[in-house]
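Protein sequences appear in the order of chains C and L.
Heads up: the first sequence begins at 433 in the numbering used here, then just goes up one per residue.
Heads up: the second sequence begins at -11 in the numbering used here, then just goes up one per residue.
Beta carbons are placed, not taken as given, at the ideal position from N, Cα and C, and that holds for glycine.
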Amino acid sequence: MTEKDVPRISLRKKLQTVLTFTRLNTKRFFRDKLAIFFSVLFPLIFLFVFGSISRGGGKLSFKVAILNDSSSSYSTTFVEQLKNSKIYKIDKTVNNLTQAKDKMGKSQLDGVIYLNKDFGVVQNGNKYPSGQVEVIYTQNQMTAGQTMASVLSASLSGINAKFVNIKTPFTVSQNQLNEKSLTTFDYTFAGLLGFSIIGIGIFGPVNVFPELKKQGILRRLHTTPIKVWQYFLSTMFSQSIIGVLSIAIQFAIAISVFNLRVVGNYFEIIIFTIISIFMVLGIGLAVGGWAKNDRQAAPLSNIIVFPMLFLSGTFFPRFQMPQYLQSITNYLPLTPVIDGMRLLITEGKHLTQILPQLVLIALWMVIIYAIAFRVFRWE
Amino acid sequence: MKDVILKVKNLKKSYDNKPAVDGISFEVYRGEIFGILGPNGAGKTTTLEMIETMREIDSGSISVDGLDVATQGDSVKQIIGVQPQTAAFQDKQKLSEIIELFSAAYGEKVSAKKFLDEVNLGEKINNFAEELSGGQRQRLSIATAIVHNPRLFFLDEPTTGLDPQARRNLWDLIREIRDRGVTVIMTTHYLDEAEILCDRVAIMDNGKIIAIDTPIKLIKDLLKKGFHKEQKVEQANLEDVFIDLTGKGLRE
């Protein structure tokens, strides 16, 4: 008997094995509620938390009470304008200063806008109405009160200019560049995608592999002719399917709930997502493949993941870091993933324009998989 | 001239300088059920694992149907089927999918129904593995190990923890597989099982084979040495009573 009597398994058959494993593992995933929770719903929780925070910070609004002692028609119009303004949320339950003070003490109000009885009355000798708007706030609401006062005085000077025709020699003009500028959420969203890629690529295999080893399931597979590369490849495929799906859901929510503006090409975003998952999954395969049990897998994955989460701009934009830290964290595996995502999604760059990121990802991929193949153990 | 399918020569393996398998040699003939017996720690499982290509060999050689285990491990894996001691499967996977998964691992594509029918699990084709009883799980494990038509089939303590009905059912199944021309090598702690099922047995202790022959021959040799049991030989034992009272039907 020689080796010839045992037919070699052709490459085509080996790839078919990979596809069968991919299909069956993906099917299995959708029956596993815990796995669905961690790969799909868990990132959504973060999306909602961080999305709400950055949305709240982006807009200016004050909770105010308006006390109007004036009976002039002008004061009524003025109050009407304040009510229509999106900057002020008016608390209509407050009718006097005592109530207002009480609410300000509980931080339920930012301040009170008070119009005294002379407000909007045409004083003797004048052709136009005049008056003083009083902004009342407590120490607790100092910043809000001061901002409110300056916002009000800016709108009053606009009104003044209509009544008294004076040329103001110096003015400040404010142009907000909505077109190109990135909102906090744009930064946060790319970071959150990085976080969910870590969830799918690292926490997935790191949780599953030690369990498979403990039960001897990987060992049983090892008695078959299947190779490590086939097993890795099928895991890469099935995790990509799950990852793309999870990220698609996050996009849908980010767009519909948090007004994410996607300038980039979706096809390119998907390709980049898959490449990123392949690379990050290598870390999970290395850690999970090496670890004999949970006790080895959990600490090692935490040591790798946590610095990356904080240093690669997952939750905090990297531009807030000191320069030296930025230049180091530039080269972490997750940094090009998050940067690339942001460039593609919000800056509308094409894959050909983010070559530095792609090259860095490719380099990490080579290093990570070289380690993963070397340290993999079936039991 | 016997047709030798497995040839083990002077096989050695030690862990931390303690010999687990200490220079054993034996042959297994095509088409037989060969039992490896011995107390815990005798080296049975280590021996099996080296033949299955799962453990590196320190010295000596193993040839499976002419293939050298140390250098042609990949080809060896294609012609052997392995049933591990504990039959574990991933949960949330249907029996049909498990069969499909393992046949794919061997580079094959088979009818899951056919193989599940053979091990009497055809009705459970859409169940998950975690819904099976211990005996059913062992049978599923056997099915996954023969999907590629192996020439040599290894079972490591297959009936441990099973009730008498499930044990008998498994014996029948193992015989059926042997009758198909598959050589079966198994380890067991139950000597009655070895006596009933195995064509030949090897008895191991401290990493060495201390006896190898047919069960009948080994018993005769012992009797020749003047051994005799104190108690009178009964024509039945308690297990026969149990099976007589409860029947052979599987309880699952």
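Apart from sequence neighbours up to five positions away, the residues of its chain that approach residue 48(L) with a beta-carbon distance below 6 angstroms are -3, -2, -1, 0, ordered along the chain. Going by beta carbons, residue 471(C) and residue 631(C) fall inside the 8 angstroms limit.
For the C-beta of residue 653(C), the chain L residues within less than 7 angstroms are, from N- to C-terminus, 93. Between the C-alpha atoms of residue 41(L) and residue 61(L) there is a straight-line separation of about 6 angstroms.
In this structure, residue 552(C) lies near residue 504(C), with their beta-carbon atoms less than 8 angstroms apart. Among the CB atoms of chain L, one or more fall inside 8 angstroms of the CB of residue 460(C). Between the alpha carbons of residue 734(C) and residue 456(C) lies a distance of about 29 angstroms. Listed along the chain, the chain L residues whose CB falls inside 7 angstroms of the CB of residue 647(C) are 76. In the structure shown, residue 704(C) falls within a helical segment according to DSSP collapsed to helix, strand and coil. Taking 8 angstroms as the threshold, the shortest C-beta distance from residue 62(L) to chain C falls below it. For residue 227(L), the enclosing alpha helix (DSSP H) covers residues 226 to 234. Between the alpha carbons of residue 149(L) and residue 722(C) lies a distance of about 32 angstroms.
Against residue 134(L), chain C offers no close residue; the least beta-carbon distance is about 12 angstroms (beta-carbon pairs closer than 9 angstroms).
Close CB contacts of residue 725(C) within its chain, under the 8 angstroms cut and outside five residues either way in sequence, are with 642, 645, 646 (chain order). The contact set of residue 67(L) on chain C, defined by CB atoms closer than 9 angstroms, consists of 437, 438 in chain order.
Cβ proximity to chain L below 7 angstroms picks out 460, 463, 464 from the region 460 to 486 of chain C. Using a CB distance cut-off of 8 angstroms, residue 72(L) counts as an interface residue toward chain C. For a Cβ distance threshold of 7 angstroms, nothing in chain C lies close to residue 83(L): the least Cβ distance comes to about 12 angstroms.
Residue 536(C) sits buried, since 16 or more C-beta atoms from the chains shown fall within 10 Å of its C-beta. Per the coordinates, the alpha-carbon of residue 810(C) lies some 44 angstroms from the alpha-carbon of residue 616(C). In this structure residue 452(C) is in contact with residue 88(L), their Cβ atoms being roughly 6 angstroms apart against a cut-off of 8 angstroms.
Residue burial is scored here from C-beta neighbours: residue 688(C) has fewer than 16 other C-beta atoms within 10 angstroms and is therefore classed as exposed.
Fewer than three Cβ pairs drawn from the region 784 to 794 of chain C and the region 6 to 24 of chain L lie within less than 8 angstroms of each other, which leaves the two stretches out of contact.
A distance of 8 angstroms or more separates the beta carbons of residue 161(L) and residue 115(L). With contact defined as three or more Cβ pairs closer than 8 angstroms, the region 697 to 712 of chain C and the region 766 to 783 of chain C are in contact.
At a cut-off of 8 angstroms between beta carbons, residue 212(L) makes no contact with chain C.
Taking the CA atoms as reference points, residue 591(C) sits about 31 angstroms from residue 530(C). Boundaries of the alpha helix (DSSP H) around residue 537(C): 529 to 537.
Closest in C-alpha terms to residue 476(C), from the list 779(C), 744(C), 675(C), 693(C), comes 675(C).
Neighbourhood of residue 89(L) in chain C, by CB distance below 8 angstroms: 452, 453, 456, in chain order.
At least 8 angstroms separates the beta-carbon of residue 69(L) from that of residue 195(L). One Cα belongs to residue 131(L), the other to residue 52(L), and the distance between them is close to 21 angstroms. Partner residues in a beta bridge of residue 727(C), as assigned by DSSP, do not exist. Taking 8 angstroms as the CB threshold, residue 446(C) lines the interface with chain L. If the five residues before and after residue 184(L) are omitted, its C-beta is found closer than 8 angstroms to the C-beta atoms of 159, all from its own chain and listed in chain order.
Using a Cβ distance threshold of 8 angstroms, residue 152(L) and residue 227(L) count as a contacting pair.
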